[in-house]
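Remarks on the structure that follows.
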Amino acid sequence: MSLDLHAAAPADGGRAARPAHRRRGTSFTRLDLKYSPYLYILPFFVIFAVFSAYPIAYTVWIALTDRSPLNATISFVGLDNFVELITDDPQFWNAVVNTFGMFLLSTVPQLLMALLLANALNRKLRAQTFFRMAIAMPIITSTAVVALIFSMIYAKDFGLVNWALDAVGMGPIDWRANRFASWFAISTMVDWRWVGYNALIYLAAMQSISKDMYEAAALDGASRRRQFWSITVPQLRPTIIFTLIISTIGGLQLFTEPLLFTSGAGGLSGGSEGQFQTITMYLLDVMNQRFRWGYAGAVALVLFVLIALMSTVNYLLARRISSDK
């Protein structure tokens, strides 16, 4: 019986199958490397398109019309809503003045107090962890509860602040009727809520500053105050710019605090004469009370432009500071 060597040898097709399998695996790997990154970032673009791009595009479209639930038809009016808003709407400009006034009264003291508070908590203290956790409590407190408490504190007849003013011989202040008084009251409410948040950001940034810089300054005879202004503040410039941008965006969108500060009905009016009505309150007033949805879209776009301009100014300021370093 003879052994058939040709039959035992593998066929040419068997040898060719392995390279074909490898080629299929290689091409699949190439496709995976080429397209899988796009699949990974696709959810972000889908969410952005649904919740950001589409609302902005719809707002632009509706701002160019006279859209209203009271009208069955929609007419294209072009830039008429913007022209009326900018040239013939004193209530809107009153809301702009109120918004920027409360923004300045709240943001500047807020960031200064947060910076000083973070510097104090950055030192060795007893119960250091307790104090660091305590400053975060206002962040998790309900805004409605905060507004209710501050409304009682600034009440005209039985408020704590007016009681203190009366104790030192000063007359009571109607905090809701006076424009600047209402700005001050609402600003303190905003400051109490967000000072701790910014202080935690500053504290985290201070932890990354090298201790050798402070030791070298101390050997040179620099006091703690001098170290704060010459070492801490310059090292925190990027963080300060970040908090300034975030505070700017939040300040120009101020809504809940002044709305809940209103006593009685008509909260969106911001007082009897609109003395603390903000842009966002005016936007909802136009949309829900006057049912001018197209005009409200114009208000929303102007607010968007104001926020973008302020953010651009902050960005240029941040770049200028970074280039000077």
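In the numbering used here, the protein residues as written are 80 to 404. All C-beta atoms, glycine included, are put in the ideal place defined by N, C-alpha and C.
| Query | Result |
| --- | --- |
| Test item: CB-CB of L338 and I358 under 7 Å | no |
| Cβ contact (3+ pairs, closer than 8 Å) linking the stretch 234–249 and the stretch 149–160 | no |
| Beta-bridge pairing of F155 - partner residues as DSSP gives them | T144 |
| Whole-angstrom C-beta distance between S261 and G350, which should lie under 8 Å | 7 Å |
| Beta-carbon proximity of M192 to V274, cut-off 7 Å | yes |
| Neighbour-count burial assignment, N367, 16 or more Cβ in a 10 Å radius | exposed |
| Inter-stretch contact (C-beta, 8 Å, three-pair minimum) for the stretch 317–326 and the stretch 199–217 | no |
| Whether G429 touches T138 by CB criterion (7 Å) | Within the shown structure, residues of the chain are numbered from 80 to 404, placing residue 429 beyond reach of any answer. |
| Segment limits, alpha helix (DSSP H) that includes L282 | 258–285 |
| Exposed unless 16 or more other CB atoms sit within 10 angstroms - verdict on S266 | buried |
| Per-residue DSSP class, three states only, for T220 | coil |
| Coarse secondary structure for Y233, derived from DSSP in three states | coil |
| Helix, strand or coil at S185 according to DSSP, with G and I counted as helix | helix |
| Endpoints, the alpha helix (DSSP H) within which T318 is located | 316–331 |
| N150, buried or exposed, once every other Cβ within 10 Å from all chains shown has been counted against 16 | exposed |
| Straight-line Cα distance separating E352 from A226 | 20 Å |
| Three-way DSSP call (helix, strand, coil) for S131 in this model | helix |
| Under 7 Å between C-beta atoms of S230 and F340 | yes |
| Rounded separation between I386 and T311 - CA only | 29 Å |
| CB of F210 within 7 Å of CB of L194, strictly | no |
| Among W172, M268, L282, Y233, nearest to I252 - alpha-carbon criterion | Y233 |
| S185 beta carbon less than 7 Å from that of V269 | yes |
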